[in-house]
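Remarks on the structure that follows.
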Amino acid sequence: MGICYIIASMKTEYRIDKKPGDYVIAADGGYAQLGGCSPDCIIGDFDSLGFIPEEENVKVYPSKKDDTDMMLAIKAGLANGYDSFVLLGGVGGRFDHTLANVQALAYLLSHGARGVLRSEEADLYLTDKEIAFPAETEGVLSVFSYGEKAEGVTILGAEYEVSNVILLDDFPLGVSNSFIGREVRVSVKEGRLLIVHEKRSK
């Protein structure tokens, strides 16, 4: 099975290289940012978009609900059997929505799926195991405990390497590491890590 792409309500138009098996969901205002890609599903309360698209694959929800439009889209992707997600347009804008989308990554992880919250400036990941990044000559990598404690944290290949350390949620020890042209691997034995990959140098 391919990748489930979810496009949220941001002002950046995204170009998706949709391959066979991929699934594209426009979450509310994300419908206006599709960049010519045909969505498989359009979902939300459409308060951001301002109108309900006249298409067959539209799912309309009331504005007073527990789930954000992003969470509705994630649940739809999971229901269709996807376990790999790319969330586009969910960083920036309202800070509370950005935090809600980070929690959406945690929801994916707790349901056996993996995801990346992607913007033009940064990619955000949440893991309880290991993530590998290809070699880059520039860029910033920050690693935070998502929860009170993350134990057995190892970072290999970055400017600052550590092995089997503990990260806490009240001290940002893992902020502002750097790529130096080598593959970088980040892993944790107990707990969860929020990893921020800034696509620029310091």
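Anchor point for the sequence shown: position 47 equals 47 in the numbering used here, and the numbering is continuous, going up by one each time. Positions of the beta carbon are idealized from the N, C-alpha and C atoms, including for glycine.
Query raised in the report: From residue 189 to residue 88, what distance separates their C-alpha atoms?
Result: 29 angstroms
Requested in this report: Pull up the distance between the alpha-carbon of residue 70 and that of residue 166, whole angstroms please.
Outcome: 32 angstroms
Query raised in the report: How is the alpha helix (DSSP H) around residue 30 delimited, first residue to last?
Result: Taken as a continuous stretch (DSSP letters only), residue 30 belongs to no alpha helix (DSSP H), as it is neither H nor E.
Query raised in the report: Hey, which unbroken runs of the beta strand (DSSP E) at 3 residues or more fall wholly within the segment 117–153?
Result: 122–127, 130–133, 140–145
Query raised in the report: Which residues bound the alpha helix (DSSP H) around residue 110?
Result: 95–110
Query raised in the report: Is residue 192 buried or exposed, if buried means 16 or more other CB atoms sit within 10 Å of its CB?
Result: buried
Query raised in the report: Curious, which full-length beta strand (DSSP E) runs of at least 3 residues does the segment 64–97 contain?
Result: 84–88
**Report entry** CA-to-CA distance, residue 35 to residue 18, given in whole angstroms
**Finding:** 12 angstroms
Query raised in the report: Can residue 132 and residue 183 be called in contact, C-beta distance under 9 angstroms?
Result: yes
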